[in-house]
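In what follows, a single structure is set out as structure tokens and then discussed.
Protein chains in written order, with the working numbering: chain G, 112 to 412; chain E, 8 to 101.
Encoded structure:
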């Protein structure tokens, strides 16, 4: 596939329409709209229970591609089954894509994801990461970053930090499965769609993780979805990199990161995070960024 | 045999959505508090508003963006991201 160079190269054909029940300014919904531009109508999307499950609700669907509703545990197994079925029927050209949230990827559906990746099934797994169980009301998941307030990690007198756990390094885990693993951001659609194009051409498992800014959970004005996604990359909260055959490639390299404070102060979930919490979060980010810089173009996992 | 007891009836009676993209007819306009207004004179046709619309409510035409107010939920990402200020906002019902 030809690589896109700028926004103007992105195809004008949409396989996603409005009228869905997603929130105004929904990040994951935008991610699916962009992904379908590259994937096209010859796609089966397999979805774990989550926010995006509410897109095709009988009698209406915003999609011009097929969709399978799935339990939260086994989207990757369903995808592997669909892939084998299509191959037997001679429809090898169809794309099989999983679109699942971070709860279904990091926690509940991890077993089936790991098995599908280990067997190197020819599917694309897109995780829209809103760093929580967003659909049920923003509870803690293992993708929730340090210092974020969630329904199950509230801030209080005894625990002013909110979430005291550090989020899982999922890219490293998926990279260690010897598959293609990459992060993507809504604010860099050209980078996201090029990664998706690369994944589509690959004869094997691809894992793409998209930071899906969540206006209701992260508690910000819907108009800031892209600004916040961009700041997440600039502050090092969400570095853009890819791992293939264990080799690391940093896609967006900055000589200096912006202070994480700029990213935090735009969102209600970090409101009242004490200064020592901000310091600790900054230290965690710096550590991760230094690691990425050190291993860039080298063996990472 | 089980197959004789419960005959297979195909997809009759099962809720099947037969029209792809049928949600485009659903009116989400009532969700809006503000609505985007496009000013063609300031527009440089950079496509940013079209790419970043989460509800595909902006269609791209040779003359620039065409806003579909049935689908627009009024998130105003288009106005926030517009580099030239061609996309502005207007209060709904004013």
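Ideal Cβ positions, reconstructed from N, Cα and C, are used throughout, including at glycine.
Predicted, not measured: the structure shown is a model, and the values here were computed from it.
Item                                                                                                                                         : Value
Boundaries of the alpha helix (DSSP H) in which residue 400(G) is found, first to last residue                                               : 386 to 406
Chain E contacts from the segment 267 to 284 of chain G (Cβ-Cβ distance under 9 angstroms)                                                   : none
Beta-bridge pairing of residue 410(G) - partner residues as DSSP gives them                                                                  : 358(G)
Which listed residue (314(G), 360(G), 387(G), 378(G)) has its alpha carbon closest to that of residue 400(G)                                 : 360(G)
Interface flag, residue 58(E) vs chain G, CB-CB below 9 angstroms                                                                            : yes
Interface positions of the segment 323 to 350 of chain G facing chain E (Cβ-Cβ less than 9 angstroms), listed along the chain                : 326, 332, 333, 334, 335, 336, 337, 338
CA-to-CA distance, residue 172(G) to residue 145(G), given in whole angstroms                                                                : 17 angstroms
Residues near residue 334(G) in its chain [Cβ-Cβ closer than 8 angstroms; skip 5 each side]                                                  : 136
Opening and closing residue of the beta strand (DSSP E) in which residue 71(E) lies                                                          : 71 to 74
Top-ranked residue by Cα proximity to residue 351(G), from 261(G), 285(G), 308(G), 362(G)                                                    : 362(G)
Beta-carbon proximity list for residue 317(G), same chain, < 6 angstroms, skipping 5 on both sides                                           : 235, 291, 310
CB contact check: residue 77(E) to chain G, cutoff 9 angstroms                                                                               : yes
CB contact below 9 angstroms: residue 89(E) versus chain G                                                                                   : no
The segment 275 to 285 of chain G in contact with the segment 173 to 184 of chain G per 3-pair CB rule at 8 angstroms                        : no
Interface residues of chain E facing residue 140(G) [CB-CB closer than 8 angstroms]                                                          : 61, 62
Other residues of its chain near residue 251(G): CB distance less than 7 angstroms, five sequence neighbours each side excluded              : 243, 261, 263, 264, 274
Within chain E, the residues that residue 169(G) reaches when beta carbons sit closer than 9 angstroms                                       : 22, 23, 24
Beta-carbon contacts of residue 117(G) that lie in its chain and below 7 angstroms, excluding the five residues immediately before and after : 301
Three-state class that DSSP yields for residue 281(G) in the structure shown                                                                 : helix
CA-to-CA distance, residue 38(E) to residue 133(G), given in whole angstroms                                                                 : 11 angstroms
Residue 185(G): first and last residue of the uninterrupted beta strand (DSSP E) it sits in                                                  : Run containing residue 185(G): none; DSSP gives neither H nor E here.
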